[in-house]
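Q:
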Amino acid sequence: MAEDGTRPPDLPVVWRPRRTRIVAYALAGTIMLGMVVLAVVVAPEFTLIDRFLLVACGAVVAWLLHMFARCRVVADEQGLTVVNAFRTRRLEWPEVLGVTMNEGDPWPTLDLSDGTSLSAMGINGAEKARAARHLAQLRTLIARKAEAPDR
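With UniProt numbering applied, the sequence shown covers 1 to 151.
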């Protein structure tokens, strides 16, 4: 157990926001359904191309919502995989120095050994209790795994 009493999770572990996924996929489905219905029952002056473009516009919006819903952080024995909306990054444990998330932050930030930082959108600050639990588990894993082995 860590100093704060948090037990490290069994690996591999996946952290992903629950509410974000539910809202994004429900909204994507509603938009797609609405665009298809609109394309089918729209006024006769709309051409086939116009109707296709309505459905294509809905598909683009649904794809964007999917990209935000797919965010996650995966921890395994070798390191972390951070899947954000438009970028996936694989990190070895020694590359991760720490994680910070202040009150009101939308998601935590990983501090990396190369001096940069990386947002981890897979832990959503809006889900306060769940985010705090996931953040504590991640901190425990970083403390245990990220330290370079003694030589």
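Virtual Cβ for every residue (Gly too), placed ideally from N, Cα, C.
1) Could you pull the DSSP bridge partners for residue 75 from this structure?
2) Just list the residues that DSSP pairs residue 38 with in beta bridges.
3) Taking C-beta to C-beta, are residue 135 and residue 123 nearer than 8 Å?
4) Should residue 90 be labelled buried (16 or more other beta-carbon atoms within 10 Å of its own) or exposed?
5) Return the chain-ordered list of same chain residues with a C-beta closer than 6 Å to the C-beta of residue 95, the five sequence neighbours on each side being excluded.
6) Take residue 55 and list the residues in its own chain whose beta-carbon comes closer than 7 Å to its own, dropping the five residues that flank it on each side.
7) The alpha helix (DSSP H) spanning residue 203 covers which residue range?
8) By a C-beta neighbour count over all protein chains shown, 10 Å radius and 16 as the cutoff for buried, is residue 128 buried or exposed?
9) DSSP state of residue 7, grouped into three classes?
10) Shortest alpha-carbon distance to residue 143 belongs to which of 120, 110, 131 and 116?
11) Any idea which residues DSSP pairs residue 98 with across the strands?
12) Based on DSSP bridge pairs, tell me the residues matched to residue 27.
13) Comparing alpha-carbon positions, which option in 53, 10 and 68 lies nearest residue 22?
A: Concretely, from the data shown:
1) Its beta-bridge partners are 13 and 80.
2) For residue 38, no pairing in a beta bridge is given by DSSP.
3) The Cβ-Cβ distance between residue 135 and residue 123 falls below 8 Å.
4) Exposed is the call here.
5) Once the five neighbours on either side are set aside, the close Cβ partners of residue 95 are 112 and 113.
6) So the qualifying residues of the chain are 35, 36 and 39.
7) Residue numbering for the chain in the displayed model covers 1 to 151; residue 203 lies beyond these limits and cannot be assessed.
8) With fewer than 16 Cβ atoms within 10 Å of its Cβ, residue 128 is classed as exposed.
9) Residue 7 falls in the coil class under three-state DSSP.
10) Of the candidates 120, 110, 131 and 116, the one whose C-alpha sits nearest the C-alpha of residue 143 is 110.
11) BP columns for residue 98 point to 111.
12) Looking at the DSSP assignment, residue 27 forms no beta bridge with any residue, so it has no partner.
13) Checked all of 53, 10 and 68; the closest Cα to residue 22 is 68.
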